[in-house]
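Peer 1: Below: one structure in structure tokens.
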Amino acid sequence: MTRNPPPPSTPPTKAHVVRCPGCGGPSRYAPDNPFRPFCSERCKLADLGAWANEEFRVGAVEDADGPLDDAPESGSARPPRH
Numbered sequence: 000m001t002r003n004p005p006p007p008s009t010p011p012t013k014a015h016v017v018r019c020p021g022c023g024g025p026s027r028y029a030p031d032n033p034f035r036p037f038c039s040e041r042c043k044l045a046d047l048g049a050w051a052n053e054e055f056r057v058g059a060v061e062d063a064d065g066p067l068d069d070a071p072e073s074g075s076a077r078p079p080r081h
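Counting in numbering that gives the first Met the number 0, the final residue of the sequence shown is number 81, and the numbers go up one at a time with none missing.
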């Protein structure tokens, strides 16, 4: 009787080298790099600190009809949004 070896649970992935968003140096973008996409813990923490200090912000996009609030405007015939 011939036994076949079990198939691998996950196919091996090829690591890509990308530019670190923190320092601009090379960074391995692979599952075994706990800091990805950063090259090191230092770059990862520097980025986290910048977000915490509100140096980065995500822009808000207003609806074409105006701000999103449920307060009816005077003279508005529009039903409230849900």
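All residues carry an ideal CB built from backbone N, CA and C; glycine is no exception.
(1) For Phe55, count neighbouring C-beta atoms within 10 Å of its own C-beta (all shown protein chains included) and say buried if the count is 16 or more, exposed if not.
(2) Return helix, strand or coil for Asp62, following the three-state DSSP convention.
(3) Alpha carbon to alpha carbon, how far is Pro94 from Cys38?
(4) Where DSSP assigns a beta bridge to Val17, which residues make up the other side?
(5) Between the alpha carbons of Ala49 and Gly58, how many angstroms are there, rounded?
(6) In chain order, what are the residue ranges of uninterrupted alpha helix (DSSP H) at least 4 long that sit wholly in the segment 27-56?
(7) If you draw a straight line from the alpha carbon of Pro33 to that of Asn52, how long is it in whole angstroms?
Peer 2: For this structure:
(1) exposed
(2) Reduced to three states, the DSSP call for Asp62 is strand.
(3) Outside the shown range of the chain (0 to 81) lies residue 94, about which nothing can therefore be said.
(4) Ser26
(5) 16 Å
(6) Counting only runs of 4 or more, we get 40-51.
(7) Between Pro33 and Asn52, the C-alpha separation is close to 23 Å.
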